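Before any comments, here is the structure.
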Amino acid sequence: MIRMILTGILALAGLLWVGLAASMQADGDVALGASPASLQQGGLHLFIADLTGAEEIPPVYSHASGRAFVVLDEDNNTLYWRLMVSDIVSITLAHIHDGAVGVNGPPVIDLYTGEGGFAAGNPISGTVSLTGTQMTKLLSGDYYANVHTAENPNGEIRGQLREVSPDQFNAVLHGEHETPPVETTASGWARFLVSDSLDEIDYEVFVSDTISITAAHLHPGWPGEAGPPRIPLYNAQTDPVLFDNSHPLSGTASLSPLDLLDLVSGYYYINIHTAAYPGGEIRGQVNSGPHILKAVLEGIHETPPLTDTLGAGQAYAVLDDDLHTLLWRVAVTDLVSITQAHFHIAPPGASGPPEIDLFTGAGAFDSAHPISGTVVLTDTQVSSLVAGNFYANVHTSAHPAGEIRGQLYFWTPPTRYTAVLSGTNEVPPVETGASGEAVFVIHPEMELDRM
């Protein structure tokens, strides 16, 4: 498996455009690195394994994938772990094995012995005490996670545990993410920076259209689940600071080993409680990946609507994990004499001035030539984007105020893509009996596995 950081997904007309950073480490992303020769007391240590059939010895052809998260506590003798899998059936066992990359070894730590539920969509977690020898093996990169199935009793998916250094996490907050959903115009976004010792986070939280915030917390729970408050971020009765639409919240919170495990595995969500919604008005899952937005551009979305155009288009944007870098692409059909294109700020049904230039008239922009670019947003622009107030607008000579327009909304893409390879698909076609299949799986944090 080759693991690469996904920094752009822009799709159009059934085609997928993927921008990938070719390196295994990028600023602000989870970085894989060599294990240290010795551990410093007082901090936490995190190990992650990406599991695929290609890592098995010998390789196993399987669409299954998984991820193991392991946190070593401050005393360096207790592991907190979580194992998540997808597209796999009939799991019989799961272990941590002793073995370097490319080498099979015996199981040394039981993760699943067949008791209880362990399947796709149902992660398992636990704790285990380590001996000094086991700690040394873990630090040396000689442990791997292995999931066994009835069809592949020696292991269907496997991944080497490597120490990682997470940098930042983020969340986009809306009422529809609450359980049950809340109808509200309020929205928000949050950034979390993890300390070098992995036992603290610095946080910033921005909100819009909220009234009377009473509290904010990190809660444990998967999307669609509600959990109790775990890490307090704000209490209106005791905190001597303002937290409202004009005053972002910032602070520092401590992380226990379990907190770090829940944070990196996507089990935490941030919840903003208000007087009107004491259980929470807006909520967002905390993750380390970017967010994808999509707009469908048509004349009927203009203000006032245009009904005399056949023009259409799509805009895709990727809000990077820093929640400020926006990668975008716009493609159109049946338009002539395009003069300009912009991102504007206004809600649906209202018009706003151009905010970000996409096309100013230089170069080609038509049905055969989509346009792409990158822009760094301000905090205010991020808040407008999260609130659903960004729209893409394409101006033409016939309609200088705009011929097609579409509001940018957050969009969840398919998680699996398959390409069937044959010589007839080459340009020009190649006569060959060779064939192949490529499977791409996108993780929730927008990292790509190629199997």
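Residue numbering for the sequence shown follows numbering that gives the first Met the number 0, starting at 0 and increasing by one per position. For glycine and all other residues, C-beta sits at the position ideal for the given N, C-alpha and C. Since we're looking at a predicted model, the values are computed, not measured.
Taking 4 residues as the minimum length, the alpha helix (DSSP H) runs contained wholly in the segment 359–446 are 378–385, in order along the chain. Secondary structure at Val102: coil, using DSSP grouped into helix, strand and coil. Secondary structure remark: continuous alpha helix (DSSP H) runs of at least 4 residues inside the segment 130–188, in chain order: 131–138. DSSP places Asp258 in the uninterrupted alpha helix (DSSP H) bounded by Pro256 to Val263. Proximity of the segment 357–375 to the segment 405–414 falls short of the contact definition, fewer than three beta-carbon pairs being nearer than 8 Å. The residues Gly154 and Arg157, in chain order, have a CB closer than 6 Å to that of Glu55 in the same chain once the five nearest residues on each side in sequence are set aside. In the three-state reduction of the DSSP assignment, Glu54 falls in the helix class, which pools H, G and I.
By a beta-carbon distance limit of 8 Å, Thr308 contacts Ile403. Their separation comes to about 7 Å. For Leu296 and Ile210, the gap between their C-alpha atoms comes out near 33 Å.
In the same chain as Leu92, and ignoring 5 residues on each side of it, the C-beta atoms closer than 7 Å to its own belong to Tyr111, Thr112, Gly113 and His147, in chain order. Straight-line measurement puts the Cα of Thr302 at about 20 Å from the Cα of Leu357. By a beta-carbon distance limit of 8 Å, Tyr276 does not contact Pro219. Their separation comes to about 20 Å. Contact fails between the segment 169–178 and the segment 70–79, because fewer than three Cβ pairs, one in each stretch, are under 8 Å apart.
Membership of Arg282 in the beta strand (DSSP E) is indicated by the continuous run Ile281 to Gln284. For the set Ser186, Val374, Asp208 and Thr395, the Cα lying nearest the Cα of Gly283 is the one of Ser186. Each of Glu199, Val193 and Gly250 was checked against the Cα of Phe205, and the nearest Cα belongs to Gly250. Closest in alpha carbon position to Thr184, among Ser382, Gln167, Gly351 and Ser64, is Ser382. Rounded to whole angstroms, the Cβ separation of Ala391 and Val329 is 6 Å, and the two are in contact under 8 Å.
Restricting attention to Pro352, Glu224 and Gly372, the CA atom closest to the CA of Pro179 is found in Glu224. Here His272 carries a strand assignment [DSSP, helix/strand/coil].
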